[in-house]
Amino acid sequence: MTDITNQTTSQLDNRIDVKEIKARFKVSHTFIYRQIKEGKLPKPEKWGRSSRWKESDVKKWADSFAQ
């Protein structure tokens, strides 16, 4: 069970970019950054000139819509 939990946690720690979020959720660039401004989606980590989110943070954000 621990191996599965650790594997799931490490998979969720992957970083994804804005293109991936837009494709997965069919939302616009503007919508994503509005969600950040409203405090609903955490700010991304900057990797050079790129912005990346922890997959676990994006999952929590997406789950908030289901509630």
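Counting in the UniProt record's numbering, the sequence shown runs from 1 upward without gaps. Don't be surprised by glycine CBs; every beta carbon is placed ideally from N, CA and C. All figures in this text were calculated on a predicted structure; none of them were measured in a lab.
Apart from the five residues just before and just after residue i, which ones in its own chain have a Cβ nearer than 7 Å to its Cβ?
i: Ile16; result: Arg52, Trp53, Glu55 and Val58
i: Phe25; result: Ala62
Looking at the structure shown, is residue i part of a helix, part of a strand, or coil, going by DSSP?
i: Arg49; result: coil
i: Lys40; result: coil
Hey, could you find the ends of the alpha helix (DSSP H) residue i is sitting in?
i: Asp63; result: Glu55 to Ala66
i: Val18; result: Val18 to Phe25
Please list, in chain order, all residues of the same chain as residue i whose beta carbon is under 8 Å from its beta carbon, the five residues on each side excluded.
i: Lys22; result: Ser28, His29 and Ile32
i: Ser50; result: Asp17
Could you round the C-beta distance between residue i and residue j to whole angstroms and report it? I think they count as a contact, below 8 Å.
i: Ser64; j: Lys40; result: 7 Å
Please return the same chain residues whose Cβ sits closer than 6 Å to the Cβ of residue i, not counting the five positions on each side in sequence.
i: Arg34; result: none
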